[in-house]
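Colleague: Going by the working numbering, the residue at position 126 of the sequence shown is 126; the numbering climbs one at a time, nothing skipped. Let me give you the structure first, and then I'll get to my questions.
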Amino acid sequence: MTDNWCLKYEQAMKTSAAREQSGKLDCSNPIATEEALIQSAPLPHERVLFWGSGSPQAWRVLIVLEEKNIQYRGICVAFSSGVLKSPFFQSINPRMRVPVLIEPVNEVTGSRTTLYECSAILEYLERTYTGRPCMPPSTNLAQFAIAEMRFHESNELLSVLGDLITYLRRVSSEERNQALLKTKLNQVEIELNLWESYLTGNAFLVDSNQPYLCDFTLFTNLAYAVRCGLQLDGLYPRLAMFYTRIRARPSVQNTWPPHWKVTEGTKILSS
Numbered sequence: 001m002t003d004n005w006c007l008k009y010e011q012a013m014k015t016s017a018a019r020e021q022s023g024k025l026d027c028s029n030p031i032a033t034e035e036a037l038i039q040s041a042p043l044p045h046e047r048v049l050f051w052g053s054g055s056p057q058a059w060r061v062l063i064v065l066e067e068k069n070i071q072y073r074g075i076c077v078a079f080s081s082g083v084l085k086s087p088f089f090q091s092i093n094p095r096m097r098v099p100v101l102i103e104p105v106n107e108v109t110g111s112r113t114t115l116y117e118c119s120a121i122l123e124y125l126e127r128t129y130t131g132r133p134c135m136p137p138s139t140n141l142a143q144f145a146i147a148e149m150r151f152h153e154s155n156e157l158l159s160v161l162g163d164l165i166t167y168l169r170r171v172s173s174e175e176r177n178q179a180l181l182k183t184k185l186n187q188v189e190i191e192l193n194l195w196e197s198y199l200t201g202n203a204f205l206v207d208s209n210q211p212y213l214c215d216f217t218l219f220t221n222l223a224y225a226v227r228c229g230l231q232l233d234g235l236y237p238r239l240a241m242f243y244t245r246i247r248a249r250p251s252v253q254n255t256w257p258p259h260w261k262v263t264e265g266t267k268i269l270s271s
């Protein structure tokens, strides 16, 4: 979509012209106020990604930007601050969540493209920046179809994981409905077993020699679950090897959620 920037943005462009750019994944001082958000607004030549540390959806976009060697500046927001609900951020993404990708100003049209929803961003990047493909060639329709299917299908895992984790966090052990909890656990187990089966005989989901968008999406979902205490070793050996293999990639190491490096996860799934 082509964005319709408000007057605040134009004012921010003037004040940000003298701003020295920080590291693209600096999250030492995440954006927590609307004023700071306005001051961080992208310059005309900049490609910017609004993201948050630990968001699987934002992380997979960061990984693909690195895989494709696309230059960008990351703007890390503080989830707990409420800044995503500010009028300025709502003018960027009315759904009030990250990731959001803002492209440089088009020299011909004078406008810039803004995208939200991680799947849309990833497919846009793949179609626009073809130098380092993260999908099979469309000439190989069989592989392309599987990769496209797995890419969208991987959201099912995050859905059932998120449902279970939210329930465990919000409901005390004494108040949990055991039948409901068992249903949620079974849904996660069924989903994990399905992905375990998809990796039979393969290092990655589609091509044993190269990961694609579906692999990076699956990995970020698994990493979130591992952070919350999910054990892969012994239970899901193929997923465990897949997780280790993807984790070792420079694109993943360079974008590892900063706060994960210095804090322990909740381990709420460890039991």
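For each residue, glycine too, the CB sits at the ideal point set by N, CA and C.
Does the ligand GDP have even one heavy atom less than 7 Å from the beta-carbon of residue 118?
Modeller: As presented, the structure is devoid of all ligands, the ligand GDP included, so that no description of it is given.
Colleague: Would you mind sorting residue 120 into buried or exposed? The rule is 16 or more other CB atoms within 10 Å of its CB.
Modeller: Classification of residue 120: exposed, given that the 10 Å Cβ count is below 16.
Colleague: With which residues is residue 76 paired in a DSSP beta bridge?
Modeller: Note: residue 76 sits in a beta bridge opposite 51.
Colleague: Please classify residue 98: does DSSP put it in a helix, a strand, or coil?
Modeller: Looking at residue 98 - three-state DSSP - the assignment turns out to be coil, as it is neither helix nor strand.
Colleague: Please list, in chain order, all residues of the same chain as residue 242 whose beta carbon is under 6 Å from its beta carbon, the five residues on each side excluded.
Modeller: Hits under 6 Å: 199.
Colleague: Rounding to the nearest angstrom, what Cα-Cα distance links residue 149 and residue 264 in this structure?
Modeller: Distance between the alpha carbons of residue 149 and residue 264: 33 Å.
Colleague: Can you find at least 3 beta carbon pairs, one from the segment 36–49 and one from the segment 67–86, that sit closer than 8 Å?
Modeller: Enough Cβ pairs lie closer than 8 Å, so yes.
Colleague: DSSP three-state label for residue 21, please.
Modeller: Because the pLDDT of residue 21 is 40, which lies under 50, any placement of that residue in the model is unreliable, and the question is left without a value.
Colleague: Closer than 8 Å by C-beta to residue 223: which residues in its own chain qualify, once you throw out the five before and the five after it? Chain order, please.
Modeller: Answer for residue 223: 56, 59, 243, 247, listed in chain order.
Colleague: Only counting the same chain, and skipping five residues up and downstream in sequence, which positions put a Cβ closer than 6 Å to that of residue 5?
Modeller: A caution first: residue 5 carries a pLDDT of 44, below 50, which makes its placement in the model too unreliable to give a value.
Colleague: Run through DSSP, which three-state label would residue 265 get?
Modeller: If DSSP states are grouped into helix, strand and coil, residue 265 belongs with coil.
Colleague: Quick check on residue 179: buried or exposed, where buried means 16 or more other Cβ atoms within 10 Å of its Cβ?
Modeller: Exposed, since its Cβ has fewer than 16 Cβ neighbours within 10 Å.
Colleague: Check this for me: beta carbons of residue 268 and residue 169, under 8 Å apart or not?
Modeller: Contact: yes.
Colleague: Determine the direct distance from the alpha carbon of residue 48 to that of residue 102, and round the result to whole angstroms.
Modeller: So the two alpha carbons sit approximately 5 Å from each other.
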